[in-house]
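Encoded as structure tokens, the structure appears first; notes follow it.
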Amino acid sequence: MQDSSGRGKITEIYEKLLAFFGPQGWWPVYSDNGPRYHPGDFSYPKTDIQRIEIAFGAILTQQSSWKNAEKALFNLMEHGLLDLEGILETEEEILRNIIRSSGYFRQKAERLKLFSGFVLDRHGDMEDLFSSDTKELRRELLSVKGIGNETADSIILYAAKKPKFVVDAYTFRLIERMGIAEERDYDSVQRLFEEEMPKNLEIYSEYHALLVELGKNHCRKKPNCTDCPLKQICLYNKKA
DNA sequence: GTCCGGCTCA
DNA sequence: TGAGCGGGAC
7 MQDSSGRGKI TEIYEKLLAF FGPQGWWPVY SDNGPRYHPG DFSYPKTDIQ RIEIAFGAIL
67 TQQSSWKNAE KALFNLMEHG LLDLEGILET EEEILRNIIR SSGYFRQKAE RLKLFSGFVL
127 DRHGDMEDLF SSDTKELRRE LLSVKGIGNE TADSIILYAA KKPKFVVDAY TFRLIERMGI
187 AEERDYDSVQ RLFEEEMPKN LEIYSEYHAL LVELGKNHCR KKPNCTDCPL KQICLYNKKA
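Add 6 to the 1-based position in the first sequence for our numbering, that's all there is to it.
Okay, structure coming up:
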């Protein structure tokens, strides 16, 4: 996407969203004596269990509300299954029931197993997996069936703590409605944000979370523009 | 009844 | 590009 139309807007959107919603503090870490929430604390995850928690959470929340994914995550925790070997040793049918609340539980049970098997076979643990550089890590994650662009980037950003901008359906919808980008594929949209915003972990982490908040509250499929924080700079729904 | 912090396969 | 996957919250 080119400069003239979009240049500056990405930054402006970020500032308005941050001012309106405040810092979101993604990603919550619960396990291994982690705090329930850590807004402003980007030092998590600290342990492999916590890295697994975030990676599993990223898979469980695919096309599902975080509430439902969270329940599944807690359930895994209670069964001591924030553990790669443990997932592989758990009967598929049992695993499905443990994560049932997240929806798509048959697919996700398989995905947890495939991901766990990959990490164990290729790296042994999460810390070693994350020791690869961002490009290589992304390539590896994408090679696992069940991990696509958004899930891979979520893991890279929130678990491996490497600056990679996460694009999701809300992001596409926003730039579509605001007429910012003409290129609609994932990589182009990601590049758009990464090129305008400072390559910064905290900013990428907050920006994606803020876009989710905007998408849930205002920029929905059926938009609620009335009290939208971007109302002044968005052309959508403006009278012609 | 609608929608969710997507992805695979045809 | 479209169908299929799915429980739970609102």
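From the three backbone atoms N, C-alpha and C, an ideal C-beta is built for every residue, glycine too.
With fewer than 16 other CB atoms across the displayed protein chains lying within 10 angstroms of its CB, residue 43 is exposed.
Residue 184 carries a helical assignment under DSSP once its states are collapsed to helix, strand and coil. Rounded to whole angstroms, the gap between the alpha carbons of residue 161 and residue 175 is 17 Å. Approximately 13 Å separates the beta-carbon atoms of residue 115 and residue 95; this is outside 8 Å, ruling out the contact. Between the segment 216-229 and the segment 17-26 there are three or more inter-stretch CB-CB distances shorter than 8 Å, so the stretches are counted as touching. Assigned with DSSP and collapsed to three states, residue 63 falls in helix. Burial check for residue 139: the Cβ neighbour count within 10 Å stays below 16, so the residue is exposed. The DSSP-derived three-state label of residue 72 is helix. Each of 62, 66, 209 was checked against the Cα of residue 75, and the nearest Cα belongs to 66. Residue 37 has its alpha-carbon roughly 32 Å from the corresponding atom of residue 226. Between residue 32 and the set 167, 147, 80, 109, the nearest pair of CA atoms involves 167. For residue 80, the closest C-alpha among the options 60, 135, 143, 191 is that of 60.
Here DSSP, grouped into helix, strand and coil, assigns residue 97 to coil.
Comparing alpha carbon positions, the residue from 173, 106, 54 closest to residue 133 is 54. For residue 195, the enclosing alpha helix (DSSP H) covers residues 192-202. Secondary structure note for residue 87: it is in no alpha helix (DSSP H), with a DSSP letter that is neither H nor E. For residue 56, the secondary structure class from DSSP, reduced to helix, strand or coil, is helix. In the DSSP annotation of this structure, the continuous segment of the alpha helix (DSSP H) that includes residue 19 starts and ends at 15-27.
From the listed residues 127, 152, 216, the smallest Cα separation to residue 171 is found for 216.
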